[in-house]
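Residue numbers (the working numbering): 4 to 170. Even glycine gets a Cβ: it sits at the ideal position worked out from N, Cα and C. Keep in mind it's a predicted model, so treat the numbers as computed, not measured.
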Amino acid sequence: MKNEWSSVPLCAFCQISSNVTTISIMKDISVMDLLIECLIRESRQSKNNNEIPEIPLEFYNFAKSITESTNDQLMNNNKDMWIKFGQWLELKEPISKSDVRQHLKSQWKRLSHAAEIRNSKVLEISKEILEIEKKKSTINKKKMIVSAQDNNIKNFRYVTNSECIVD
Numbered sequence: 004m005k006n007e008w009s010s011v012p013l014c015a016f017c018q019i020s021s022n023v024t025t026i027s028i029m030k031d032i033s034v035m036d037l038l039i040e041c042l043i044r045e046s047r048q049s050k051n052n053n054e055i056p057e058i059p060l061e062f063y064n065f066a067k068s069i070t071e072s073t074n075d076q077l078m079n080n081n082k083d084m085w086i087k088f089g090q091w092l093e094l095k096e097p098i099s100k101s102d103v104r105q106h107l108k109s110q111w112k113r114l115s116h117a118a119e120i121r122n123s124k125v126l127e128i129s130k131e132i133l134e135i136e137k138k139k140s141t142i143n144k145k146k147m148i149v150s151a152q153d154n155n156i157k158n159f160r161y162v163t164n165s166e167c168i169v170d
């Protein structure tokens, strides 16, 4: 049990663990991957079946055709496969090719909009973090100056080049 758990001291300034490297959980996921995951989740929920591991390949190609223009006549003219795709998604009857395409396009637009907002928020957050770090360094600098003044240090300067300092 001792090997599994360990105590990690926290830094006093930020209450963040000081000896553990942080790993960003923000991964760059394509909107197409999100769309496929969303379609699989929809199919699982409608069928009350958690055993659906992936989208069938022919349906994947249809979903991909929403995001990329294609000249594949088989895909464009195959209304029966579009209807089967709609049935796999458990869309309301009667299902038409345009219903399935409209459903996929609306999902695509919703997910791409969410991805755009997420990316803009990440940029805003990183700017805020830089501002906070700048404020922290300014506060630390002021604390050092006050500490030096309290100790009656006459000559105070920052060491910019490595040099030998002797008392």
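Cα separation between Thr70 and Met35?
Looking at the two C-alpha atoms, the distance is approximately 8 Å.
Assuming Asn122 is part of the alpha helix (DSSP H), what are its boundary residues?
Counting along the chain, the alpha helix (DSSP H) containing Asn122 begins and ends at 100 to 153.
Applying the criterion that 16 or more other CB atoms from any shown protein chain within 10 Å of the CB defines a buried residue, is Gln90 buried or exposed?
It counts as exposed.
Hey, Leu114 and Leu38: beta-carbon distance below 8 Å or not?
Going by C-beta atoms, Leu114 is nearer than 8 Å to Leu38.
Between the alpha carbons of Glu136 and Lys95, how many angstroms are there, rounded?
So the two alpha carbons sit approximately 53 Å from each other.
Between Ser109 and Ile128, what straight-line distance do the alpha-carbon atoms span, to the nearest angstrom?
Spanning the two alpha carbons is a distance of roughly 28 Å.
Quick test of your reading: Lys205 and Lys100, contact by CB under 8 Å. State the CB separation rounded to the nearest angstrom.
Residue 205 is absent from the structure shown; the chain starts at 4 and stops at 170.
Determine the direct distance from the alpha carbon of Ala151 to that of Ala118, and round the result to whole angstroms.
Distance between the alpha carbons of Ala118 and Ala151 is about 49 Å.
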